[in-house]
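Quick notes on the structure that follows.
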Amino acid sequence: MQLENLNPLFNFDEMPKQELVNSILTGQDILSVSQFDRDSLSYIFRRAREMREMVHRVGGTNLLAGRVLACLFYEPSTRTSSSFIAAMERLGGSVIPITQGVQFSSVSKGETLADTVRTLEQYADTIVLRHPETGAAKLAADYANVPVINAGDGAGEHPTQALLDLFTIREELGQIDGLKIAMVGDLRYGRTVHSLTKLLMQYNVSLRFVSPEILRLPMTIMNQVIDKNIPVRETHDVADVIENADVLYVTRVQKERFSDLSQYEDVKDHYEITTEIMAMAKKKMVVMHPLPRVGEIHYAVDNDPRAAYFRQVQNGMYIRMALLAAVLGRA
Ligand code: ASP
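Okay, so the sequence shown: first residue is 249 according to this note's numbering, each after it adds one.
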């Protein structure tokens, strides 16, 4: 067909930016944070705020009525799986929950990931996948015809967690540019740290990485930070960063990624955020954690208004509502 004869459905030049972003996300796999630029992030954040308001006012809507989400989890989860389920249900859709362990599905009979997703797409409009191997979400997306959303692939990425983390920073502190953000704990295997660091590279921030030697941020990600000229420092000691940090992002040592458990034992109790440490921090700052915590933040810190980790959990649902609506084309 001659180009002149084409009658485009959309004229992208005339389309308002927000709608353009939405149409770009529709039908897309969400595999990595590298798919998001500042425009698409502010679009998702705006939609998440609308979702929050709607939930507070009326609890739910029927925006995704008739749509089905398959939640396929090959690794344990509390927040990611429940928030995707809650998000889908509050939008009027329904869920196939394979979240209590794939041992109850045909995976235990030896079915491949490819065949499992090709089966689930016969029933569902999108698949949320958590898997212990880096790259599994991409592999699933190569086989599936419906959008695949990466809910954590090994030590790779956890893009929807990073979206909710960034949203939490924005909502708690009113801005992202100009902040000093310190990440503490398992920076080597912590996929949430990998995804959040990549997202933050789009902003004018300073980064501080606090970890034991063996859990330092992978060089590939550190090199990207350096290439972007982002002010960055590495240290072993929280005391080096606590006084200036606007965000203290604390993480658990990822026991399940260690091949040598004695190495895990050596580093597992390396950091504990106590009320004494919080006394050294700024008045206006936030402590975040993707959770679960296994001792890195003392319970006594929970009453501190700067402890944002449970508000962070709630934000996860609004962000996933915004994302599902966009991916399923019902913004
Ligand atoms: N829940 C987060 C994840 O799945 C963090 C963690 O498990 O430590 O990556």
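Using N, Cα and C, we set each Cβ at its ideal position, and we do this for glycine too.
Just the C-alpha distance for residue i and residue j, rounded to the nearest angstrom, thanks.
i	j	result
residue 371	residue 314	11 Å
residue 577	residue 271	7 Å
residue 452	residue 424	8 Å
residue 319	residue 376	5 Å
residue 552	residue 490	15 Å
residue 459	residue 331	29 Å
residue 481	residue 559	28 Å
residue 359	residue 336	27 Å
residue 580	residue 393	A query on residue 580 cannot be resolved here, the shown segment of the chain reaching from 249 to 579 and no further.
residue 357	residue 564	33 Å
residue 349	residue 321	7 Å
residue 521	residue 486	9 Å
residue 503	residue 513	9 Å
Considering residue i, what are the terminal residues of the beta strand (DSSP E) in which it resides?
i	result
residue 345	342-346
residue 536	534-536
residue 431	428-432
residue 496	495-498
residue 321	316-321
Can you check DSSP and say which residues form a bridge with residue i?
i	result
residue 557	Residue 557 pairs with nothing; no bridge assigned.
residue 483	458
residue 396	375
residue 521	545
residue 401	379
residue 278	397
For the alpha helix (DSSP H) holding residue i, just list the boundary residues, first then last.
i	result
residue 306	286-306
residue 378	Note, residue 378: premise wrong, no alpha helix (DSSP H); beta strand (DSSP E) at 374-379.
residue 365	361-368
residue 409	407-421
residue 452	No alpha helix (DSSP H) contains residue 452, which DSSP labels as neither H nor E.
residue 283	Here residue 283 belongs to no alpha helix (DSSP H), and DSSP marks it neither H nor E.
residue 511	509-515
residue 477	Premise fails: residue 477 is in no alpha helix (DSSP H) and is neither H nor E.
residue 332	327-338
residue 465	Where residue 465 is concerned, there is no enclosing alpha helix (DSSP H), given that its DSSP letter is neither H nor E.
Residue i CB to nearest chain D CB: under 8 Å?
i	result
residue 282	In the structure shown, chain D cannot be found, because there is only a single protein chain.
>> Taking 7 Å as the limit, name every residue whose beta carbon sits nearer than that to some heavy atom of the ligand ASP, in sequence order.
In response: 325, 327, 328, 400, 406, 409, 438, 439, 440, 499, 500, 502, 538, 539 and 540
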